[in-house]
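J.: Have a look at the structure that comes next, please.
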Amino acid sequence: MALEGLEGVIKGLESQASWQAQRNFRQILQHWPKAVGFAVARKTRPISIQRGTLYVATATAAWAQTLAYERLHILSKLNRHQNQPLKGIRFSSAQWAQALPDPKPASAIAAQHPSYIGEALNLENLAGLKPTASSPQTPNEAFQRWASIMQQIQSTQATCPQCRCRCPQGELDRWAICALCATKQWQSVSRR
Numbered sequence: 001m002a003l004e005g006l007e008g009v010i011k012g013l014e015s016q017a018s019w020q021a022q023r024n025f026r027q028i029l030q031h032w033p034k035a036v037g038f039a040v041a042r043k044t045r046p047i048s049i050q051r052g053t054l055y056v057a058t059a060t061a062a063w064a065q066t067l068a069y070e071r072l073h074i075l076s077k078l079n080r081h082q083n084q085p086l087k088g089i090r091f092s093s094a095q096w097a098q099a100l101p102d103p104k105p106a107s108a109i110a111a112q113h114p115s116y117i118g119e120a121l122n123l124e125n126l127a128g129l130k131p132t133a134s135s136p137q138t139p140n141e142a143f144q145r146w147a148s149i150m151q152q153i154q155s156t157q158a159t160c161p162q163c164r165c166r167c168p169q170g171e172l173d174r175w176a177i178c179a180l181c182a183t184k185q186w187q188s189v190s191r192r
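Residues in the sequence shown are numbered from 1 upward in steps of one, following UniProt numbering.
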């Protein structure tokens, strides 16, 4: 008896009727960003196919409502790549939190930002201040406390070679200048 490769076993399983729905859903996941655009794909997530209808979680109810108007257009784009065409699409923000693959998506996105410097920071410890048990009593005290923390943090930051302002090291690593100078350069290039 000859051994069959893993790829052959998977193809054999996928050809069974019970696996067709899973294969169709995988195809939808693969073509979703192209069908809706990458900006919309970041705010949406296909959840399941039930009775020929694709259920999609959206970040907000406004996204769900907006995409509902575009459902026929999206449906036609998706059906080009489907063996079994979809009958409809339903958008809802109700399952957005459950649809996220990472329990902390905001931290994953924040970690990609050039100014990211690590896990959640206690600003008082970072600035070398002793944490106070009591909250500031007045807005002026709160501002003074915040200002001293920011001054101490900025004193340890790198300097932008173009404008000589303090900025996070991540910005210099990414653009070789601070984010404000990089934005000004991009704006001047786009105006040309």
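Every residue gets a Cβ at the ideal spot worked out from N, C-alpha and C, and that includes glycine. Note that the structure is predicted; figures quoted are calculated from it, not measured.
Give me, in chain order, the residues of the same chain whose beta-carbon lies closer than 6 Å to that of PRO33; leave out the 5 immediate sequence neighbours on both sides.
T.: Translated into the one-based positions of the sequence shown, residue 33 becomes position 33. ALA41, listed in sequence order.
J.: Since I believe ALA179 is in contact with GLN169 (beta carbons under 8 Å), could you give me their beta-carbon distance rounded to a whole number of angstroms?
T.: As a position in the sequence shown, residue 169 is number 169, starting the count at 1. As a position in the sequence shown, residue 179 is number 179, starting the count at 1. The Cβ separation is near 12 Å, so there is no contact.
J.: Can you tell me which residues form a DSSP beta bridge with TYR69?
T.: Taking the first residue of the sequence shown as 1, we reach residue 69 at position 69. None; TYR69 has no bridge partner.
J.: According to the neighbour-count rule (16 or more other Cβ atoms, all chains shown, within 10 Å of its Cβ), is ILE10 buried or exposed?
T.: Position 10 of the sequence shown, counting from 1, holds the residue named residue 10. Label assigned to ILE10: exposed.
J.: Following the continuous alpha helix (DSSP H) through ALA41, name the residue where it begins and the one where it ends.
T.: Along the sequence shown, one-based indexing puts residue 41 at 41. 38-42 is the extent of the alpha helix (DSSP H) around ALA41.
J.: Is ARG191 near the ligand NAD, in the sense that its beta carbon is under 7 Å from a heavy atom of that ligand?
T.: No copy of the ligand NAD occurs in the structure displayed, which carries no ligand at all.
J.: From this set, LEU3, THR53, LEU6, VAL36, which residue's C-alpha is nearest ALA21's C-alpha?
T.: In the sequence shown, residue 21 corresponds to position 21, counting from 1. It is THR53 whose Cα lies nearest to the Cα of ALA21.
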